[in-house]
């Protein structure tokens, strides 16, 4: 539910103020803002509306001060009480329960007619049923909608502190530009990480000595679970803050521009602003990127026109437009401009360094800045200029923005209604390979039809998901819900239909590509084909910005059909999250219940049973019930009054079936036991551990977070059954075959509150590792993921890294020229008879990111997931992928009486790969159960 703080009608005439002045000429690049240490206000007060300097204890943007979120929130409410140019609305609550506010800023007349302008924005963005003539009429009537956020990465402190000044100036300015832009636009100022803002500001201000203030040593992640990865959740939509923002962006307000503000700028410069470097994602409409480039270029020009030096673009930073999933990149797949800025600055003044190469002007850094001391107030003025540039662009191009979002949406609809083809890097290579001769690089034009525009290469008209063909139906429905939360239209067939010669039942899910958000649909269902980008021709691969391959349908284990021909089907369009079809109890037997192991939700049921003191068992071979045969790993629950209550209450909402049978299944079984899980973390918080924490909570696993000091105390078997080490939790360890890292980067104990001192320290080879080895040999279970797998070598496990070479007698990692596989999806063979893989099929898609695979060197190590082909790439980019063949990605290792499970594949990365969650969840239960059995 929303909360609205409507502006009190302010009719007093405000003092005319102009906040933007441009210099007469630019003979040289001189600093626009000098180092200011006086008490001069950053934003002068105007009568009638409380200025920042008169509200806060110290003016935001001045040295050694950060206003926290409570104070920011109170100021927004004050502004809404005093100005008729702002309407304050809640757009949800955070993971920690704080209210997220958005200030809708426009002219009083526009604010009085918001529902109409919101409806226009929706119609044009969705495009469905809107003719070109109507689109032009609506564009003429409507207002450009611009989203401007703040605070996403909480240690990037400039944006929320600057936003209060931007708001105040817009609410009080009487200059012609301000009045025009307020008439033409609806500006939505949203705070996207209140929890982190409060944490970081309070931590910084806790020290009474301003010179000693710092937020570099905060004790935990600045978003409850994800930290910096809160900007990698936009297509998965797991976190409350992401759900709230996505709803505004793609289901309620449909902004044509999303302005996502970050830190920090490139070294020796002030700010990065688009245009971006390649690669360009071929799924989105090219108009979205040309418009993004327009907006970015105008931002640079405005800074330069005001003498504000130090902006860079393109090669000045590594940012690209390939990866979906970020606040500013997901808009591209929804036909909206996405602007990213990365600026320097903070409450503690900093020095801009002198980098000689950066001092030479170029296309990508047109106006270099000389070294100087930089204050946050300088960043505030740059932020104001950049905000003004975006807002002014939206005002001057209002009709074009509104019409073009319709045009791009209609392009998607029309493309999904006819035969169409995409040009991908693989297609380009195929054209070159098919050419018998070339003329200065040109090949026979007929090859376009014979090689690319073939029947088998046609883009789908729709994707159909059959409920009766899913290994994990609730996970497939969860996938559909990520689409719905991104504004994609999903239908549930109301009667059987035929497509591409296949008969589909009623209840099948249909995702048509003939819709406005077609780019997002294609990006989530089809493989990413990342170009082979190199630093220079013939050189090493160039690291992409984030993942290269992330196809969500593959990660989540969804079985779907791509329909390439015309078909007719009717259905009901989902208005909100879908519920998985209710599970049920099948049969009337009274001995107990048998439940399949395939659905991740079965672990929720298992954990509820264990918490109630009931002992489920995993049956080691297939089980035949009256209605179906369940694969090895089926869960046996002996009947009791309490077991019956828990099973019958759970199966419906969880979407899993329980078979009531008249006798216990025959054969060997593994009795489960309640587990005490220790999830390892470090001071400051490790993002992968935070994601694991969120995942464990969703599936109701009992756990506690454990830090290195606690591990070093030993006697671990008395406290834990399982210890989980995720990627990044062991930086101080080094082992042959792994890239060297280091620990450190932590504050001294005396500089932080006593409550956090026990979190300090690192996993060490001399103290922690012997205790972990003793823990495993006495029956404990250790799980290692990603670069934490170096623990396996130090524990003496009978495996060795496979992606290595020997130089001068030393085992070392391969160079990127020898092997490079950045964040991509691979297909792998699975051994489903191993309890670690119960519920899996014989093959699975797995996520892998420049990690390590293994060769087995002893009988007590068993390969659970392995690469059995020299071309395992499914989505993304792989250089020399053949090196993976015959290596293991997941290994089950006996360690004395206990277990070590090693995951080279990132089986739970960012809570996305539902298809491999079982490999992780099984390990949490299988290890302790096998130790107890022995």
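In this note's numbering, the protein residues as written are 315 to 1248.
All C-beta atoms, glycine included, are put in the ideal place defined by N, C-alpha and C.
Because the structure is a prediction, the values reported are computed rather than measured.
Asked	Found
Checking 8 angstroms against the spacing of the C-beta atoms, do residue 1103 and residue 1004 come in under that value?	no
Do residue 1181 and residue 1142 have their beta-carbon atoms positioned less than 8 angstroms apart in this structure?	yes
Who are residue 573's beta bridge partners in DSSP?	462, 653
In this structure, does DSSP put residue 1228 in helix, strand or coil?	helix
May I have the straight-line CA-CA distance separating residue 508 from residue 406, to the nearest angstrom?	11 angstroms
Under DSSP, the beta strand (DSSP E) around residue 798 begins and ends at which residues?	Premise fails: residue 798 lies in the alpha helix (DSSP H), 787–798, not in any beta strand (DSSP E).
When burial is assigned at 16 or more other CB atoms within 10 Å of the CB, is residue 850 buried or exposed?	exposed
Assign residue 345 to one of two classes, buried (16 or more other C-beta atoms within 10 Å of its C-beta) or exposed (fewer than that).	Any reading at residue 345 must be qualified, since the residue scores a pLDDT of 36, below 50, and its modelled position is unreliable; no value is offered.
Quick check: residue 772 and residue 743, are their CB atoms within less than 8 angstroms of each other?	no
Which of the three DSSP states is assigned to residue 625 in this structure?	strand
State yes or no: is the C-beta of residue 1037 within less than 8 angstroms of the C-beta of residue 994?	yes
Mind listing, in chain order, the continuous alpha helix (DSSP H) runs of no fewer than 4 residues lying wholly within the segment 799–870?	832–839, 866–869
Can you find the residues in the same chain that come closer than 7 angstroms, C-beta to C-beta, to residue 663, ignoring five residues on each side of it along the sequence?	377, 687, 688, 689
Can you name the start and end residues of the beta strand (DSSP E) that residue 1161 belongs to?	1157–1162
Are the CB atoms of residue 878 and residue 814 nearer to each other than 8 angstroms?	yes
Would you mind stating whether residue 453 and residue 713 have Cβ atoms separated by less than 8 angstroms?	yes
Using a 10 Å radius around the Cβ and a threshold of 16 neighbouring Cβ atoms, would you call residue 538 buried or exposed?	buried
Just to confirm the assignment, what range does the beta strand (DSSP E) spanning residue 1192 have?	Per DSSP, residue 1192 belongs to no beta strand (DSSP E) and is neither H nor E.
Nearest chain D C-beta to residue 1065 closer than 8 angstroms, yes or no?	In the structure shown, chain D does not exist; there is a single protein chain.
Straight-line CA distance for residue 1146 to residue 927?	28 angstroms
Residue 901 and residue 974 look like a contact to me (Cβ under 8 angstroms); what is the Cβ gap, rounded to whole Å?	4 angstroms
For the alpha helix (DSSP H) that contains residue 1179, what are its first and last residues?	First-last for residue 1179: 1175–1181, but that is the beta strand (DSSP E), not the alpha helix (DSSP H).
Residue 1039 and residue 1097: beta carbons closer than 8 angstroms?	yes
Can we say the segment 376–392 touches the segment 513–529, given the rule of at least three CB pairs closer than 8 angstroms?	yes
Run the CB neighbour count on residue 1022, radius 10 Å, all protein chains shown included, and call it buried at 16 or more, exposed below.	buried
Taking the C-alpha atoms as reference points, what is the distance between residue 650 and residue 600?	11 angstroms
Specify the secondary structure class of residue 879 as computed by DSSP and reduced to three states.	coil
State whether the segment 576–593 contacts the segment 653–660, with contact taken as three or more CB pairs (one from each stretch) at a distance under 8 angstroms.	yes
Given a cut-off of 8 angstroms on the beta-carbon distance, is the pair residue 885 and residue 828 in contact?	no
Are residue 831 and residue 966 close, meaning C-beta to C-beta below 8 angstroms?	no
Could you check how far apart the C-beta atoms of residue 505 and residue 465 are, in whole angstroms? I think they sit under 8 angstroms.	5 angstroms
Could you check where the beta strand (DSSP E) with residue 505 kicks off and where it finishes?	499–505
Within 10 Å of its beta-carbon, does residue 809 have 16 or more other beta-carbons around it, so buried, or fewer, so exposed?	exposed
Identify the continuous alpha helix (DSSP H) that holds residue 435 and give its terminal residues.	428–440
When the Cα atoms are used, what is the spatial distance from residue 1088 to residue 1025?	11 angstroms
Please determine, among 503, 642, 823, 797, the residue with the shortest C-alpha to C-alpha distance to residue 783.	823
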